[in-house]
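The sequence shown begins at 8 in the numbering used here and counts up by one. In this text, a Cβ means the ideal position worked out from N, Cα and C, and glycines have one as well. All figures in this text were calculated on a predicted structure; none of them were measured in a lab. Have a look at the structure below before the remarks.
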Amino acid sequence: MMYVSPKKSLGQHFLTDTNIARNIVDAANISKDDTVVEIGPGNGILTRLLAERAKRVIAIEIDERLIDKLIEEFGSFNNIEIIAKDALKFSFNEIEGRFKVAANLPYYITTPIIFHLLESRDKIISMTLMMQREVAERVAANPGGKDYGVLSIAVQFYAEPAMNFIVPPSAFHPRPKVESAVVSFSILKNRRVEVLDEEFFFKVVRAAFNQRRKTLRNALKAANLPSITDNALDSVFAKIGIDPKRRGETLSIGEFARLADTLYSL
Ligand code: SAM
8 MMYVSPKKSL
18 GQHFLTDTNI
28 ARNIVDAANI
38 SKDDTVVEIG
48 PGNGILTRLL
58 AERAKRVIAI
68 EIDERLIDKL
78 IEEFGSFNNI
88 EIIAKDALKF
98 SFNEIEGRFK
108 VAANLPYYIT
118 TPIIFHLLES
128 RDKIISMTLM
138 MQREVAERVA
148 ANPGGKDYGV
158 LSIAVQFYAE
168 PAMNFIVPPS
178 AFHPRPKVES
188 AVVSFSILKN
198 RRVEVLDEEF
208 FFKVVRAAFN
218 QRRKTLRNAL
228 KAANLPSITD
238 NALDSVFAKI
248 GIDPKRRGET
258 LSIGEFARLA
268 DTLYSL
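What follows is the structure in C-alpha cells.
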C-alpha cells in the first residue's frame, strides 16, 4: 500500500505492530458467521485480519485518500465493503442483521462514537475498541474512585465494559503522547437498571457529578432540578436510605436509579 501521510486532525495514529493488531482481533472474538463493522480502517491492518475470520466486514473511513488505497488493496476481497463516510453520521441501524464492532478509534471522537454506537445497541452483539487509556479507565470504572463519573454510568447503563490490555505509544505511527487500551463491551440485553424516566435519571447523575466535591444533597440542591425543594430532598434521602452526605461518586448505578425514581415520583 502506498504511503499516506498521517493527518493529526483525523486522529490518525496507525498501528504498526501486527502482534497487537492480532491481539485486538482475538479480543473481538470473531467467527465465520459474524458481520463486523470497523470504524476508521486506515491502512487496513485490522481490516485484513478481520476479513480472514468474519463473514463480512464493513469498514467506514472518512479520509478520501485512504479510501482510494483501501479499494486498491481490498477490491478483490468479496467480504470487505469500504464505506466512505463520517462514522458519526453513519446509520448503524441500517446494517442487515446484528453485528460486532472492532476499531482502533480516532481519539478525538471516542466518546461521541461510543454514544452513537450505543444508540444502535439492539443491533450490536459486542464492541472491541481501542481508545486512550485514560478514557478506557473512566469507561470501566467502579464507584468510589476518581475515574468514576457520567461516562462510566452512561456506558455501563447499556453495556458491560472490560479492560483487555494496554498498548504503548511505540505500537503506532506516529506515536501518540498517551497510552492506549483495548476495551471490550458486551451489550446488556436490558438496561442495567430499570428507571421511570431515562432522561431524568441522567439529569440526576449529571447533577451529582457537576459538583463532584459537594455532598449529594448539596449537589442536587445546586442543580435546581424542577419541583425539588429542600424538604423534598430530605424526605427522599430518608425514604431510600441513602446518606445525603455521601458524594455522588460513591453511588452505584442502582442507587442512582433509586434516587432518580424517587425524586421523579414526587
Ligand atoms: N485502523 C487503523 C489502524 O489501526 O492503524 C487506523 C486507526 S486511526 C487511530 C483512526 C482512523 O479513523 C483513521 O484512519 C482516520 O482517518 C479514521 N477516522 C477519523 N475520523 C473518522 C470518522 N469521523 N469516521 C470514520 N473514520 C474516521
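Every unbroken beta strand (DSSP E) within the stretch 88-173, with a cutoff of 3 residues, ordered by chain: Given a length threshold of 3 residues, each whole run of the beta strand (DSSP E) inside the stretch 88-173 is given here in chain order: 106-111 and 131-139.
Pairwise C-alpha distance: Glu144 and Asp154: Spanning the two alpha carbons is a distance of roughly 6 Å.
Of the residues Ala147, Asp40, Leu266 and Lys210, the one placed nearest Phe4, counting alpha carbons only: Residue 4 cannot be examined here, being either before or after the span of the chain that is shown, 8 to 273.
Residue range of the beta strand (DSSP E) that includes Val200: Counting along the chain, Val200 falls outside any beta strand (DSSP E), and DSSP gives it neither H nor E.
Euclidean distance between Cα positions of Arg140 and Asn238: 42 Å
Nonlocal neighbours in the same chain, by C-beta distance under 8 Å from Thr95, ignoring five residues either side: It should be pointed out that residue 95 corresponds to Leu in this sequence rather than to Thr. Contacts found: Ile116, Pro119, Ile120 and His123.
Leu73 in three-state terms, based on DSSP: helix
Phe84 versus Arg63: straight-line alpha-carbon distance, rounded: 10 Å
Contact under 7 Å by Cβ, Ile74 with Lys107: no
Host alpha helix (DSSP H) of Ile65 (start-end): Unbroken run through Ile65 is the beta strand (DSSP E), Arg63 to Glu68; no alpha helix (DSSP H).
Same chain, Cβ closer than 7 Å to Glu262, five either side skipped, listed in chain order: Ile249
Three-state class that DSSP yields for Ile31 in the structure shown: helix
Around the ligand SAM, Cβ to any heavy atom closer than 6 Å, ordered along the chain: Leu17, Gly18, Gln19, His20, Phe21, Leu22, Ile46, Gly47, Pro48, Gly49, Asn50, Ile52, Leu53, Ile67, Glu68, Ile69, Asp70, Leu73, Asp93, Ala94, Leu95, Asn111, Pro113 and Ile116
Opposing strand residues paired with Thr222 [DSSP bridges]: Arg254
Counterpart residues of Leu22 in DSSP-defined beta bridges: Phe179
Phe207 versus Ser177: straight-line alpha-carbon distance, rounded: 43 Å
Straight-line Cα distance separating Val202 from Glu167: 18 Å
First through last residue of the alpha helix (DSSP H) which encompasses Glu262: Ile260 to Tyr271
Distance, Val142 Cα to Arg213 Cα: 18 Å
Inter-stretch contact at 8 Å, needing at least 3 Cβ pairs: the stretch 210-225 / the stretch 250-269: yes
Nearest-angstrom Cβ-Cβ length linking Met137 and Val189, presumed shorter than 8 Å: Contact annotation, Met137 with Val189: C-beta distance approximately 5 Å; criterion of less than 8 Å satisfied.
Alpha-carbon spacing of Asn36 relative to Leu56, whole angstroms: In this structure, the CA atom of Asn36 is about 12 Å from the CA atom of Leu56.
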